[in-house]
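Chemist: Residue numbers (this note's numbering): 1 to 175. Below you'll find the structure I mean.
Structural data, given as structure tokens:
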């Protein structure tokens, strides 16, 4: 009696998996991975805060509806980012949305601090973003494999969900 060989079906790699594999190959140093985990979210926060603070036109109909405080350039940035990540992985985009919610809370707290005489939000966020980008470049210098500027920008775009994918893997959640 002949037994049929079981054919193991392999799922084709999704674009997000290809990005993660490339990032994993380029970022092997444990110290650099720690730097990425700390400073990549800070960079995202700094960029989001800077975009948030760009003056937004006050439309009369928004003021009448009292929606003018909720709509700014950061809202458009968030929508574009979530759409981009949603196309890559819906589950990971929800995690990013959760992160953005927390970051938005802190940006609003910085706005309150600024109104009470604290430092300008734009300068705080710009300082955080610059510190983070310097740290990421230093961390990348620890790697043996060099990357191009385009690859670095790609890393900055995909990096936030790359960090979340480690959490999902650890919790054994399919993304």
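Glycine included, C-beta positions come from ideal geometry on N, C-alpha and C. Values in this document were obtained by computation on a predicted structure and should not be read as measured data.
For the stretch 50-65 and the stretch 162-170, state whether three or more C-beta atom pairs, one from each stretch, are separated by less than 8 Å.
Modeler: Verdict: no, contact absent.
Chemist: Would you mind listing the alpha helix (DSSP H) stretches within the stretch 69-126 that are 4+ residues and don't spill past its ends, in chain order?
Modeler: 73-88, 90-115, all fully within the stretch 69-126.
Chemist: To the nearest angstrom, how far is the alpha carbon of residue 113 from that of residue 121?
Modeler: Numbered from 1 along the chain shown, position 113 holds the residue referred to as residue 113. Numbered from 1 along the chain shown, position 121 holds the residue referred to as residue 121. In a straight line, the C-alpha of residue 113 is about 9 Å away from that of residue 121.
Chemist: Could you tell me whether the Cβ atoms of residue 82 and residue 75 are closer together than 8 Å?
Modeler: Locating residue 82 in the chain shown gives position 82, counting from the first residue. Locating residue 75 in the chain shown gives position 75, counting from the first residue. For residue 82 and residue 75, no; Cβs fall outside 8 Å.
Chemist: Residue 14: which of 153, 65, 89, 124 sits nearest, CA to CA?
Modeler: Stepping through the chain shown from its first residue, residue 14 is reached at position 14. Among 153, 65, 89, 124, the Cα nearest to that of residue 14 is on 89.
Chemist: Determine the closest residue to residue 30 out of 146, 175, 118, 140, with distance taken between C-alpha atoms.
Modeler: Taking the chain shown and counting its residues from 1, the one referred to as residue 30 is at position 30. Of the listed residues, the one whose Cα sits closest to residue 30 is 140.
Chemist: May I have the straight-line CA-CA distance separating residue 33 from residue 138, to the nearest angstrom?
Modeler: Stepping through the chain shown from its first residue, residue 33 is reached at position 33. Stepping through the chain shown from its first residue, residue 138 is reached at position 138. Those two C-alpha atoms are separated by around 12 Å.
Chemist: Hey, residue 71 and residue 61 are a contact pair by Cβ (cut 8 Å); roughly how many whole angstroms apart?
Modeler: Looking up residue 71 in the chain shown gives position 71. Looking up residue 61 in the chain shown gives position 61. Incorrect: roughly 11 Å between the Cβ atoms, too far for contact.
Chemist: Quick one: Cα of residue 133 to Cα of residue 45, how far?
Modeler: As a position in the chain shown, residue 133 is number 133, starting the count at 1. As a position in the chain shown, residue 45 is number 45, starting the count at 1. Roughly 12 Å between the two C-alpha positions.
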